[in-house]
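Chemist:
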Amino acid sequence: MTDRTVLISGGGIAGPTLAFWLAAAGFRPTLIEQAPELRTGGYVIDFWGLGYWIAERMGLEADINRVGYHAREMRIVDDNGKRVAGFGTDVFGELTNGRYVTLARSDLSRLLFEKAKDRTEIIFGNEIVGLEDASAGVRVRFKHGGERKFVW
Ligand SMILES: Cc1cc2nc3c(=O)[nH]c(=O)nc-3n(C[C@H](O)[C@H](O)[C@H](O)COP(=O)(O)OP(=O)(O)OC[C@H]3O[C@@H](n4cnc5c(N)ncnc54)[C@H](O)[C@@H]3O)c2cc1C
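In the working numbering, the protein residues as written are 1 to 152.
1) Ligand 1 and D107: does any heavy atom of the ligand fall closer than 7 Å to the residue's C-beta?
2) By a C-beta neighbour count over all protein chains shown, 10 Å radius and 16 as the cutoff for buried, is S135 buried or exposed?
3) Hey, T30 and I13 are a contact pair by Cβ (cut 8 Å); roughly how many whole angstroms apart?
4) I'd like to know whether the C-beta atoms of L38 and G11 end up nearer to each other than 8 Å.
5) Tell me whether R110 sits in a helix, a strand or coil according to DSSP, three-state version.
6) With a Cβ-Cβ cutoff of 8 Å, do R49 and R105 count as a contact?
7) Between which two residues does the alpha helix (DSSP H) holding E121 run?
8) Pairing CB atoms from the segment 109 to 124 with CB atoms from the segment 19 to 27, are three or more of them under 8 Å?
9) Please determine whether the Cβ atom of F142 lies at a distance below 7 Å from any heavy atom of ligand 1.
10) If you check the beta carbons only, do F142 and V151 fall under 8 Å apart?
11) Taking only the alpha-carbon atoms, compute the straight-line gap between I123 and H144 and give it to the nearest angstrom.
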């Protein structure tokens, strides 16, 4: 562990992922999220490729497949919900060697957050409003009061 600290703004997908990997590299990350708690609900995302590979390397493959959906068919329906067209979605699995899942963005965010939180300081309900050069670091001003220096 070094004394190097890092402040990451946003606890969505990128934020906790970056915190996890920087902690693994010996930094002391702080994650600041403007929402009062982790955001829930919202849209689903198709998850595959590089993102899937990174989640796999974080030990999350079983979890993302447990909370995710494995759709079998894409359907177009009429006003009564009757199928008028569609196609099987096996092709996505075939193209990605089965490394494809649809999951709620907030579920992915929560799983990434759970991985990062033990080695990351978490600040909810606040945000950065000022950054100023300081010797060997940056002085950060927060919206709801207070200042802190982050050092490299
Ligand atoms: C409708 C829709 C469908 C999508 N479908 C897919 C898909 O199928 N596959 C795919 O790979 N991607 C998809 N995406 C894109 C994907 O959701 C984004 O690429 C991903 O969420 C980006 O992650 P992020 O961490 O950069 O930002 P976000 O996930 O948006 O997280 C940002 C976080 O920062 C916080 N924040 C914002 N401002 C501040 C601030 N000033 N201070 C502190 N915190 C702050 C927010 O509250 C939030 O928690 C879709 C996006 C949308 C909108």
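Ideal Cβ placement from N, Cα and C applies to all residues, glycine included. No experiment lies behind these values; they were computed from the predicted model shown.
Modeler: Reading from the atomic positions:
1) If you check the C-beta of D107 against ligand 1, you find no heavy atom less than 7 Å away.
2) When all chains shown are included, S135 counts as exposed.
3) With a Cβ gap of about 18 Å, T30 and I13 do not count as contacting.
4) yes
5) helix
6) The displayed chain sequence assigns Gly, not Arg, to residue 49. Against a cut-off of 8 Å, the Cβ pair of R105 and G49 comes out as no contact.
7) Element bounds for E121: not the alpha helix (DSSP H) but the beta strand (DSSP E), E121 to F124.
8) yes
9) no
10) Taking 8 Å as the cut-off, the beta carbon of F142 is found no closer than this to the beta carbon of V151.
11) 11 Å
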